[in-house]
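>
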Amino acid sequence: MAGCSGHNNCGIAHRRSSLVRFVKGKSIVIFIFVILASSSATTLVAQPIQRYSITELNIVGSRLYSPSEIEARFITKKGDTLDQSQLDGDLRALIAQYVTLGYTFATLKIEQLQPCGRDSIKIRIRIHEGKPARLVECRVQGIFESDTNIIK
Numbered sequence: 001m002a003g004c005s006g007h008n009n010c011g012i013a014h015r016r017s018s019l020v021r022f023v024k025g026k027s028i029v030i031f032i033f034v035i036l037a038s039s040s041a042t043t044l045v046a047q048p049i050q051r052y053s054i055t056e057l058n059i060v061g062s063r064l065y066s067p068s069e070i071e072a073r074f075i076t077k078k079g080d081t082l083d084q085s086q087l088d089g090d091l092r093a094l095i096a097q098y099v100t101l102g103y104t105f106a107t108l109k110i111e112q113l114q115p116c117g118r119d120s121i122k123i124r125i126r127i128h129e130g131k132p133a134r135l136v137e138c139r140v141q142g143i144f145e146s147d148t149n150i151i152k
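Read in order, the letters of the sequence shown correspond to residues 1 to 152 in the working numbering.
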């Protein structure tokens, strides 16, 4: 077993699995190598997951809301640690707000996710509002009896 580093170059079959542990608010990925041989051994290697602090959160392209109004609606704030699922939720909520106001063709795009330094990131979100949707025609079919004031 001397010289085995767990990388399959020693001729011994290996099985690798990873676990994520949260210790005092920090995520640590633990890789476990199990050597499948006559005598088994376990090697633990811990590597921290890279976390980025948001140094800039720029929102461009909106005519309906100012960037500060949009940022006030977001849970994700400048200075926070980037949480991709939280940012996705913020973007979905913003699209829902546009749809509520009639901008059904509005789109959002994360235009830039630029690391700066070892542990910080700049984010730029581009909004294309499009034009508000208009109801061009409405046809009512299948009503035999109704108050004419309801259908108007």
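We put the CB at the ideal spot given by N, CA and C, even for glycine.
Quick one, which of THR104, SER62, GLN114, SER53 has its alpha-carbon nearest ASP83's?
The shortest C-alpha separation from ASP83 is found at SER53.
> Any idea what DSSP makes of THR100, helix, strand or coil?
Correct three-state label for THR100: helix.
> Can you name, in chain order, every residue of its own chain whose Cβ lies under 8 Å from the Cβ of LYS77, other than the five neighbours on each side?
Same-chain partners within the cutoff: ILE54, LEU57, GLU71.
> Can you tell me whether PHE74 is buried or exposed, with buried defined as 16 or more other CB within 10 angstroms of its CB?
Buried is the call here.
> Which residue spans inside the stretch 40-95 form an unbroken alpha helix (DSSP H) run of at least 4?
With a minimum length of 4 residues, the continuous alpha helix (DSSP H) runs that stay inside the stretch 40-95 are 67-73.
> Is the Cβ-Cβ distance between GLU129 and VAL60 less than 9 Å?
For GLU129 and VAL60, no; Cβs fall outside 9 Å.
> Taking the alpha-carbon of TYR65 as reference, which of LEU101, CYS116, PRO115, ARG118 has the nearest alpha-carbon?
Checked all of LEU101, CYS116, PRO115, ARG118; the closest Cα to TYR65 is LEU101.
> Applying the 10 Å Cβ sphere with the 16-neighbour rule, what's the burial state of ASP90?
So ASP90 ends up on the buried side.
> For ARG134 and LEU87, I'd like the C-alpha separation in whole angstroms.
Their Cα atoms are separated by approximately 30 Å.
> What residues in its chain sit with their C-beta under 6 Å from that of ILE127, if we drop five residues either side in the sequence?
Closer than 6 Å at Cβ, skipping near neighbours: GLY61, SER62, LEU108.
> On the CB-based measure, 16 or more other CB atoms within 10 Å of its CB, does GLU137 come out buried or exposed?
Classification for GLU137: exposed.
> Could you give the distance in angstroms between the alpha-carbon of ILE30 and the alpha-carbon of VAL99?
The predicted model places ILE30 with a pLDDT of 45, which falls under 50 and marks its position as unreliable, so this point remains unresolved.
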